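There are 2 protein chains.
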Amino acid sequence: MNIGDAALQSGLPAKTIRYYEDIGLVAPGRAGNGYRDFSDTDLHKLAFVQRARSLGFSIEECRALLSLYDDRDRASADVKDLAKAHLAQIEEKILGLQTMQKTLSELVYKCHGDDRPDCPILDGLSGGKT
Amino acid sequence: MNIGDAALQSGLPAKTIRYYEDIGLVAPGRAGNGYRDFSDTDLHKLAFVQRARSLGFSIEECRALLSLYDDRDRASADVKDLAKAHLAQIEEKILGLQTMQKTLSELVYKCHGDDRPDCPILDGLSGGKT
DNA sequence: ATTGACCTTCCAGAGACTGGAAGCCTTATT
DNA sequence: AATAAGGCTTCCAGTCTCTGGAAGGTCAAT
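Protein sequence lines correspond, in order, to chains A and B.
Taking this note's numbering, the leading residue of the first sequence gets 1, the next gets one more, and so forth.
Taking this note's numbering, the leading residue of the second sequence gets 1, the next gets one more, and so forth.
1. Alpha carbon to alpha carbon, how far is residue 123 (chain B) from residue 75 (chain A)? Give it in angstroms, no decimals.
2. Which whole runs of the alpha helix (DSSP H) in the region 60-114 of chain A are 4 residues long or more, in chain order?
3. Check the Cβ of residue 134 (chain A) against every Cβ in chain B and list those closer than 8 Å, keeping chain order.
4. Looking at the C-beta of residue 43 (chain A), does it have a partner C-beta in chain B at a distance below 7 Å?
5. The alpha helix (DSSP H) spanning residue 49 (chain B) covers which residue range?
6. Contact criterion: CB-CB distance below 7 Å. Does residue 113 (chain A) meet it with respect to chain B?
7. Assuming residue 72 (chain B) and residue 117 (chain A) form a contact by the criterion Cβ under 8 Å, report the distance between their Cβ atoms to the nearest whole angstrom.
8. Please check the pair residue 5 (chain A) and residue 28 (chain A), which I expect to be a contact at CB under 8 Å, by giving their CB distance rounded to whole angstroms.
9. Which residues bound the alpha helix (DSSP H) around residue 27 (chain A)?
10. Does the beta-carbon distance from residue 10 (chain B) to residue 47 (chain B) come in below 7 Å?
11. For chain A, check one thing: does any of its Cβ atoms lie closer than 7 Å to the Cβ of residue 119 (chain B)?
12. Would you mind sorting residue 23 (chain B) into buried or exposed? The rule is 16 or more other CB atoms within 10 Å of its CB.
13. So which residues on chain B does residue 39 (chain A) lean against when the C-beta distance must stay under 9 Å?
14. Please confirm whether residue 84 (chain B) and residue 97 (chain A) have their CB atoms less than 7 Å apart.
15. Report the rounded CA-to-CA distance for residue 56 (chain B) versus residue 91 (chain B), giving the unit in angstroms.
16. Checking 7 Å against the spacing of the C-beta atoms, do residue 79 (chain A) and residue 119 (chain B) come in under that value?
17. Which one of A:7, A:111 and A:108 has the shortest CA to CA distance from residue 36 (chain A)?
18. Output needed for residue 64 (chain B): all residues of its chain with C-beta closer than 8 Å, excluding positions within five of it in sequence on either side, in chain order.
19. Give me the Cα-Cα distance between residue 110 (chain A) and residue 125 (chain B), rounded to the nearest whole angstrom.
20. Go ahead and pull the three-state DSSP assignment for residue 37 (chain A).
21. Check distances from the C-beta atoms of the region 78-106 of chain B to those of chain A and list, in chain order, the residues that come in under 8 Å.
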């Protein structure tokens, strides 16, 4: 299967798939004409990575997940640990964003937002007087 | 004031301050010896950017905020619009992360996490059977 | 034979820094 | 006066995950 179809099937842009090959996440074969030739296994891996990325796993985490996936003697505990660590990162990010959201929405609320220049948002950014 | 002290006062690493000069966010003067010489205004701008960045504004948004800050004839509506747009981005990010969190925590919950190989997390990533 | 859609490689850029190397300047100590 | 420590300078390269574009080869259909 050519890269265009692999892209459709996996939900990844062709460019991204080439990049994933570059960094060794997948290793499709080559047809006689030099085109990449994706097997079912390759497609499966691409879709796997696509889902893992959509859950926010980094490329290196995806690599680790793929190798666990390939390892029939893996311990599910290893997978769970990886996922839990990532979950913790997600939660940290959410908390950070919520803090931003709170501060910023307070500033936005205070700003009348008309054609006059005085602005609590700029004041807040400037002097810290939140 | 030298860059080291400016870094302490603004809460930004010296490297970052040099970078901000490179991209034209600040333009400190130079002392006779070639060292950057930060005025109170420079410091103020750096602290301003530091706060804006900590609220998640991009560099270009910071640049726009700074120029609004410098413009005594600004309309506070312009600032508010910028802030509201950014707030919407933050909220979008939070929603995305919460979706990830939900899916992933369900998978983590289902995984027994012992030394056996079967693992609902990998299954979920693999086949989409959430 | 020619078009158009596909494929290939390679190079560059995005955003926002961050690290390191090589070398000058300042300050304090010996 | 010499030296050492620390701060400052510039410049180059790398991080992370793609994404766009250019130059050119291949395939299917007309």
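For every residue, glycine included, the Cβ atom is placed at its ideal position computed from N, Cα and C.
Since the structure is predicted, the reported quantities are computational estimates derived from the model, not experimental observations.
Here's the rundown:
1. 14 Å
2. 76-110
3. For residue 134 (chain A) there is no data in the structure shown, the boundaries of chain A being 1 and 130.
4. no
5. Element bounds for residue 49 (chain B): 40-54.
6. Residue-level contact by beta carbon holds for residue 113 (chain A) and chain B, with a gap shorter than 7 Å.
7. 6 Å
8. About 12 Å separates the two Cβ atoms, so there is no contact after all.
9. Residue 27 (chain A) -> no alpha helix (DSSP H), and no H or E assigned at all.
10. yes
11. yes
12. exposed
13. Those do not exist, as residue 39 (chain A) stays about 16 Å from chain B at its closest Cβ, beyond 9 Å.
14. Their beta carbons are not under 7 Å apart, which means residue 84 (chain B) does not touch residue 97 (chain A) by this criterion.
15. 12 Å
16. With contacts defined as CB atoms closer than 7 Å, residue 79 (chain A) and residue 119 (chain B) qualify as a contacting pair.
17. A:7
18. 82
19. 45 Å
20. strand
21. 79, 80, 81, 83, 84, 86, 87, 90, 91, 93, 94, 97, 98, 100, 101, 103, 104 and 105
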